[in-house]
Amino acid sequence: MAGKIRVFVGGENIISPLGWGIQEAFSNAVQGRTGLKKLEQPFPGISKLHAAKFEDSSFSTDSPLVEFAGESCRGSLEELHFVHQQEERWLFVLSTTKGEIIQLKNGDVDRSNPHYLMQRLQKELPFSCEGKVVSCACISGLSALIYAADRIAADQIDHALVVGADLLSEFITLGFESFFALDAAQCKPFDQDRKGLNLGEAAASVVLSKDKSLFKSSLFQYLGGATSNDANHISGPSRTGEGLYRAVSKTLKYSSKSADQIQFISAHGTGTLYNDEMEAKAFGRLGLGKTPLNSLKGYFGHTLGASGLVELAMTMQSMRMNLLLKTLGCENAGTEAMLNVLTQNLETDIRLALKTASGFGGCNAAVLIERL
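All the letters of the sequence shown, read from the start, carry residue numbers 3 to 374 under the numbering used here.
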């Protein structure tokens with residue numbers, strides 16, 4: 003909970019196959035474009051895959067993850083107005099599920115460690131800072147945000163740069179394929195004919211601070227966030243949505259808000275049968291069945307440790323532009339519990355938004371932000 007110290011959020015940025023920067027990504031999404039495409043022979047052990055992957059020519063080194071994560075951070079920092087803040091207490095948080103796990107094929111154990119990636123990114127920052135890696139499946143991005151916000155609220159730091167980044171790899175793809183969780187075509191979150199998810203790679207970053215003057219543009223207040231674990235199964239969520247229900251309930255309690263005040267939900271919405279049903283039940287139990295909701299997986303794919311931050315950044319842009327994005331791929335909403343899934347872009351003024359995420363091991367996370 004962001005106690006007596008108010009926590010502000012801004013400077014959002016995304017580097018992804020949908021667009022190089024948040025403005026390009028948002029503009030392409032508004033026009034119904036997607037970063038997903040059919041890939042032929044993407045990896046030695048995989049012949050075909052529908053996913054969002056950067057072109058190999060986009061990068062000049064053997065560490066694409068360092069390049070696009072670093073570029074996202076630079077974009078976020080360009081949205082800040084530094085006076086004396088570089089000399090204050092900073093925290094850098096890296097959210098990732100697998101880091102540069104591809105380096106294990108080369109026998110380079112050190113480079114495969116996410117802390118190595120964190121330290122490489124830290125070296126490019128214009129201030130000295132404490133570093134932290136958060137890796138807890140697909141809620142990593144929101145968990146990292148909650149961790150940073152709590153540190154500011156406790157007056158342990160003044161500012162935080164949080165970046166989420168993951169790379170598409172053979173290891174990750176084969177893992178999801180072993181669960182029969184992949185759709186061979188465009189994913190369809192919350193659709194009655196959904197078959198599975200699409201994977202993607204991206205980086206996204208945001209800045210948190212107790213200092214309003216740090217931000218050049220309009221900003222948001224972080225009202226609260228929470229995580230939970232339903233302890234149901236290593237890969238399958240609770241069929242009742244219990245874990246997500248608890249994460250959102252705690253977020254509302256910490257934020258001193260009620261469910262009927264939430265104007266929009268950016269859901270996890272992977273397009274798998276069990277995830278989408280679980281989310282629908284959790285939101286229904288919370289009385290949020292009629293609240294406008296979307297999933298952005300049809301634009302970016304599931305970007306793992308980056309997904310929570312990618313989707314939060316897009317939600318912040320939506321709130322700035324008074325334009326909510328449709329759930330690309332969903333034509334006929336089809337979950338047991340009713341949801342108000344957006345199937346068309348919607349122009350509306352949104353002040354209070356909920357972002358949720360769920361992941362393997364039964365983990366769940368939720369954050370609530372308010373546009374100021």
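Note that CB positions come from ideal geometry on N, CA and C, so glycine has one too. Values in this document were obtained by computation on a predicted structure and should not be read as measured data.
Between the segment 212-224 and the segment 22-39, do three or more beta carbon pairs fall short of 8 Å?
no
Do residue 164 and residue 146 come within 8 Å of each other at the CB atom, strictly closer than that value?
yes
Looking only at its own chain, which residues have a Cβ that is under 7 Å from the Cβ of residue 1, when we skip the five neighbours before and after it?
A question about residue 1 goes unanswered here, because the residues of the chain that appear run from 3 up to 374.
For the candidate residues 220, 131, 269, 284, whose alpha-carbon lies nearest to that of residue 244?
284
What is the DSSP secondary structure of residue 5, counted as helix, strand or coil?
The predicted model places residue 5 with a pLDDT of 49, which falls under 50 and marks its position as unreliable; any figure quoted below should be read in that light. Here DSSP, grouped into helix, strand and coil, assigns residue 5 to coil.
Buried or exposed by the 16-neighbour rule on C-beta atoms within 10 Å, applied to residue 161
buried
So what does DSSP say about residue 16, is it helix, strand or coil?
Note: residue 16 maps to strand in three-state DSSP.
When you compare only the Cα positions, how much space is there between residue 354 and residue 117?
So the alpha carbons of these two residues sit roughly 34 Å apart.
With 16 other Cβ atoms within 10 Å as the buried cut-off, status of residue 52
buried
With H, G and I counted as helix, E and B as strand and the rest as coil, what does DSSP make of residue 322?
helix
In angstroms, rounded to a whole number, what distance separates the CA positions of residue 112 and residue 105?
9 Å
What number of angstroms, rounded off, separates the C-alpha of residue 75 from the C-alpha of residue 206?
8 Å
Counting only the same chain and skipping the five closest in sequence on each side, list residues whose C-beta sits under 6 Å from that of residue 45.
172
Is it true that the CB of residue 60 sits closer than 8 Å to the CB of residue 98?
no
Between the segment 192-204 and the segment 225-237, do at least 3 Cβ pairs fall closer than 8 Å?
no
Length at least 3, wholly inside the segment 211-275: the beta strand (DSSP E) runs in chain order:
222-231, 266-268
Ordered list of beta strand (DSSP E) runs contained in the segment 41-91, each at least 3 residues
Runs of beta strand (DSSP E) with 3 or more residues, each lying fully within the segment 41-91, are found at 48-54, listed in chain order.
Thinking C-alpha only, which one of 246, 324, 305 is nearest residue 350?
324
Compute the distance between the beta-carbons of residue 352 and residue 266, then report whether it is under 8 Å.
yes
Whole-angstrom C-beta distance between residue 364 and residue 240, which should lie under 8 Å:
About 7 Å separates the two Cβ atoms, so the contact holds.
Candidates 169, 48, 12, of which the one nearest residue 151 by Cα
When each option's Cα is compared against that of residue 151, the closest is 12.
Whole runs of the alpha helix (DSSP H) within the segment 92-146, excluding any shorter than 4 residues
Qualifying alpha helix (DSSP H) stretches, in chain order: 111-114, 116-124.
Let's test the definition: count the other Cβ atoms within 10 Å of the Cβ of residue 334 and tell me whether it reaches 16, buried, or not, exposed.
exposed
Reduced DSSP secondary structure (H/G/I, E/B, other) of residue 367
strand
Residue interval of the alpha helix (DSSP H) (run including residue 167)
Unbroken run through residue 167 is the beta strand (DSSP E), 161-168; no alpha helix (DSSP H).
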